[in-house]
Amino acid sequence: MNSASQLEIREFLVDSSALMYLHSHEVKEVLPLILYRVKFYVLTLSAYEFLTFIYLKFMRELKRSLLDTLSKLYEVISVDEQISEKASMIAADLLQHGVQVETVTVFNVAVALMKNLAILTEIPELYSPYSKYGVIVIDVKEFVKKFKETLREYITT
């Protein structure tokens, strides 16, 4: 997907790697501006992965605070029967073709397809096996870079 069309997308499903990047020191100043223009969704399983990383890296109190913050910044999507069914169908198809399946990744793909969302990730190659289903995957670093460039152009004009 070309960089101009990346910025035309207004809704994204964010995986745990993108969450880590979006909440990094490098992006923290521009994140409120991104959130003003773009709606992000996060699957509860991706939030779980992100919070596990935070818990391991920091302390228990911070985890509770971050969970509250995630709920305020992102539209949190809980896994329901339809999502589970779609993820199971995708996983079964891939497994039949000898492709290893990561649980959270296949659930992210299922949600993205069901809700017509592009997936933002720091690890686009993780989603390569899922391209045959039509899922759109965008590198979060490229997205933020293009957003900053567009913001600079807007400010200088």
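Under this note's numbering, the first residue of the sequence shown carries the number 293, and numbering increases by one thereafter.
We put the beta carbon where it would ideally sit given N, CA and C, even for glycine.
All values derive from a computational prediction rather than experimental measurement.
Residue burial classification, residue i (beta-carbon count within 10 angstroms, cutoff 16)
| i | result |
| --- | --- |
| D360 | exposed |
| S316 | exposed |
| S357 | exposed |
| I430 | buried |
As assigned by DSSP and simplified to three states, the class of residue i
| i | result |
| --- | --- |
| Y450 | Outside the displayed range of the chain (293 to 449) lies residue 450, so it cannot be described from this structure. |
| T442 | helix |
| Y304 | According to the sequence shown, residue 304 is Phe rather than Tyr. Three-state DSSP puts F304 in a strand. |
| L409 | coil |
| I346 | helix |
| Y366 | coil |
| V429 | strand |
Pair within 9 Å by beta-carbon distance, residue i and residue j
| i | j | result |
| --- | --- | --- |
| E303 | K407 | yes |
| V398 | I415 | no |
| F350 | S308 | no |
| F342 | L311 | yes |
| Y313 | V436 | yes |
Cβ-Cβ separation, residue j to residue i (assumed contact under 8 Å), whole Å
| i | j | result |
| --- | --- | --- |
| M368 | A410 | The sequence given here places Val at residue 368; Met does not occur at that position. With a Cβ gap of about 18 Å, V368 and A410 do not count as contacting. |
| V432 | T413 | 6 Å |
Notebook entry, point to check: Are the segment 321-340 and the segment 392-403 touching, with three or more C-beta to C-beta distances below 8 Å?
Noted result: yes
Checklist line | the segment 321-333 in contact with the segment 383-399 per 3-pair CB rule at 8 Å | finding: no
Margin query: For the pair the segment 391-398 and the segment 411-421, tell me if three or more CB-CB distances fall below 8 Å.
Written below: yes
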